[in-house]
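Residue numbers (my numbering): 499 to 1182.
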Ligand SMILES: [Zn+2]
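Structure (C-alpha cells):
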C-alpha cells in the first residue's frame, strides 16, 4: 500500500448518466450509492469534499430518440434530466452540484479545453471518407444508417450493430446501406476530424498506471487498464459530424461537434465551475491543486474513459491534477439476468419509490450489501426482503426500539446515569470504541460491503448485549444495574446514529431525532458519553417495518410478466427479403375441405389428409399432428397451395401444402377463409 498522503480537499465525481432514459438499481449500486457513502463519510470526518454529478446530454442516441418521438434533442434531455435529478434527490445522493452538459457553462468549458489542446498542436488532423446523405446534407453517424447484415441477412441492421444477431458492425459492412434521414442510398464523402493521439501517450500511461498504481487501484480496474495499454492504443477521433453537441471552435469546422466521450468528462469541471459561481467559492483548487485528491466513481464500462483517455486529456492540457483513484464497480444483475433497458429488465428508481414509499434506505442497504465491488453481483427480491426483515428490522431496528421503549417505561424517557460498569459492559464499550475506525478504514479503501458489515456489527453488538443482560427481568430487584445497562445501550444507539449515517442517511436522521440529538461528527463516534445523564429522549418509533411476502410476490410477478413479454417479442422472426409481385402470383392457393384424416404411422408430427380442392381430391401430408386430432378436423375448410411440386414423405406422395399460422410458442393452426367459400376458390 502506497503511503497515505494528507489531502487538503477531495474532488469526487460520479459518472454522468446518459439523459435518454430514467435510471435503475444497477446505476445506483455501481456508482451513486458507493460514491455517496464515501462522500458522507468524508464530510463527517470534517474533510473538504466536493461531490459532483450531472447529466450527459449529447451524442447520437439522444438525437435518434428525438427523431423517433418527433421532438427536439433538448426536449428529450430536459425530460430525462428532470427524472434523473429527482431520483437522486429522492435517494439522498448528496451532490454538491448536479449539473448538465447542455448548459452554457459546459459548452464554454469544453470548447476552451479543446481550443487549448488545439493551440498546443496536440491533435492529429485526418481526412476520411464517410457516409453522407445528399438530400438532407448530413454526414451520417453509424446509427443513422441501416442495411442488410452481412452475417444474418437481417435487413434492418444498424451501422454499428445488428440487433437481430447481435454482431458489432461498422457502416461499411452493411449491404445496401440506406440513410435513416431520407431513405436514400448514402454516398461516401471526405470529411476532416481531429484525433487525440493516444498512441503517443503510451509510455507515460504505462509509467503512471502500470508502474504507479499497481498497489492502490482496484484489481479489476488496474487489470483492464493494463490490458488496454498492452494491446496498443490508437488515435481516437474527438470530433464528429453532428448538429447536437458542443461546436468545434475552429475555422472550417461547421457542422462538427465534440465527440460525446470528449465533452462528457469535461462536464465534471464545468459542474465545479457552476457550483463555484453559485456559492461564491473558488473552483480551481479542486482541479488544479496538488493537495486535492480527485476520485472518479464509475461503472466498469467507463474504465477506459476515466483511467486512460480523460487523464491523457488532463495531462496534455497541463494545468490539471490527475485522478488519484478510480474505484470502478462491476455490474449488478437482476434475478440472475443482465439488467437491460430495452428489455425493461430493471427495477426503475421512480417505480420503486411508488411501491416502497419511504424505504430508500432499505434499497441503499441491500445494494451496498450486494455491491458488485470486485465481480458482477445479483439483486433478488427474496434477498431484498430477507435483508430488510432479518437484518435491518430484526437487528438494528429491534435493538433501537427495545432500548427506547424500556427507557421510557423505566425512566420516563430520560437517559439513566450509569452506576457501575461490569466486565461485560467494559468489553462491549471497548468494542464500541474500535468499530468506527474499522468502518472508516474499509471505506477509505473503497470496501463498501465490508464497511457496511462493520456498521451492522455495532447494531449486532448492542442487540446481543441487551438480549444477554435482560434488564426487564431484573428491574424490580436491581434497578441500578438496569440504569447502567440502558445507559450503555443508549450510547450504542447514539453511536449508530453517526456510523449508520453514510449508509442509511434517512434512518440515521430519524434515529437522531428519536434520541433528541443533533447530527454529530465521525470524530465523536466510539465515545460512551454521547448522551448526557438525564437527557430527555423523544417518543419511541420504529425505524424499519416488515416487508410482507405479498409485496415481494407483486414484484416477482411483475418480472415474470416482463420475461414472458420479452420471450414473445424476441421470437418474432425477421422479415424475409422482398420479392416481386410476379413471384407471389406464381403461387396457386385455393380453398379446400378436409375429407379424410389419419396419423402417419411411426411419426409424431405428420397427418395424412385427403383434401377436396374443387379441382380434384388429393393427398397432402401435413406436420400438424401435435396440434389437431385427426377425427376432429374432418369437414374443416383450409387454404392449400395446389401447385407445389409433389414430394414423398414417409413413402406417401404429398401433393400441395396446407397453410398454417405459427405463434411464438410454436403452436400451429389452420388459416381458413372467414366465410364458407366453395372449394376451389382462389386465395390471392
Ligand atoms: Zn445480423
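Where a beta carbon is used, it is the ideal one built from N, C-alpha and C, also for glycine.
- Straight-line measurement puts the Cα of residue 936 at about 25 Å from the Cα of residue 1042.
- Assigned with DSSP and collapsed to three states, residue 627 falls in strand.
- Unbroken alpha helix (DSSP H) stretches of 4 residues or longer found wholly inside the stretch 574–633: 602–617, given in chain order.
- About 17 Å separates the beta carbon of residue 744 from that of residue 564, a gap too long to meet the 8 Å contact definition.
- Between the stretch 745–763 and the stretch 577–587, the count of C-beta pairs closer than 8 Å stays below three; the two stretches do not touch.
- Here residue 554 is bridged, per DSSP, to 516.
- With a cutoff of 7 Å, residue 644 does not count as near ligand 1, since its C-beta is closer than that to no heavy atom of the ligand.
- Put simply, of 1095, 652, 922 and 680 the residue whose alpha carbon is nearest the alpha carbon of residue 1131 is 1095.
- Scanning 595, 938 and 1039 for the CA closest to the CA of residue 776 turns up 595.
- Beta-bridge partners assigned by DSSP to residue 794: 511.
- Secondary structure in the stretch 669–756: the beta strand (DSSP E) runs of 3 residues or longer, each lying completely within the stretch, are 673–677, 685–694, 737–739 and 754–756 in chain order.
- For secondary structure counted as the alpha helix (DSSP H) over 4 or more consecutive residues, the stretch 757–818 holds these complete runs in sequence order: 758–777, 782–786 and 808–815.
- Rounded to the nearest whole angstrom, the C-alpha separation of residue 1110 and residue 1052 is 53 Å.
- Distance between residue 807 and residue 696, taken at the CA atoms: about 8 Å.
- Taken from the Cβ of residue 674, every heavy atom of ligand 1 lies 7 Å or farther away.
- Straight-line spacing of the CA atoms in residue 965 and residue 996 works out to 23 Å.
- Sorted by position in the chain, 647, 649, 650, 652, 655, 660, 662, 663 and 665 make up the residues whose C-beta lies under 7 Å from a heavy atom of ligand 1.
- DSSP lists 677 as the bridge partner or partners of residue 643.
- The C-beta of residue 840 has fewer than 16 other C-beta atoms within 10 Å across all chains shown, which makes the residue exposed.
- Per the coordinates, the alpha-carbon of residue 1105 lies some 45 Å from the alpha-carbon of residue 676.
- Linking residue 553 to residue 645 through their CA atoms gives a straight-line distance of about 32 Å.
- Across the structure, residue 511 and residue 945 are spaced so that their CA atoms are roughly 18 Å apart.
- Contact annotation: residue 796 and residue 824 have beta-carbon atoms nearer than 8 Å.
- Judged by DSSP secondary structure, residue 877 falls outside any alpha helix (DSSP H) and instead within the beta strand (DSSP E) spanning 875–877.
- Here DSSP, grouped into helix, strand and coil, assigns residue 854 to coil.
- Here the stretch 962–979 makes contact with the stretch 917–929; the two share three or more CB pairs at distances below 8 Å.
- In this structure, residue 702 keeps its C-beta atom at 8 Å or more from the C-beta atom of residue 857.
- According to the DSSP secondary-structure assignment, residue 1034 is paired through a beta bridge with 912.
- Listed in chain order, the beta strand (DSSP E) elements of length 3 or more contained wholly in the stretch 1068–1102 are 1087–1097.
- Less than 8 Å divides the Cβ of residue 826 from the Cβ of residue 716.
- A contact between stretches requires three or more CB pairs, one per stretch, nearer than 8 Å, and the stretch 651–662 fails this requirement with the stretch 595–606.
- Residue nearest to residue 1127 within the set 570, 1097 and 1133 is 1097 (criterion: CA-CA distance).
- For the pair residue 784 and residue 767, the Cα-to-Cα distance works out to about 9 Å.
- By the Cβ rule, the stretch 830–846 does not count as touching the stretch 535–548, because fewer than three pairs are nearer than 8 Å.
- Linking residue 1178 to residue 1136 through their CA atoms gives a straight-line distance of about 11 Å.
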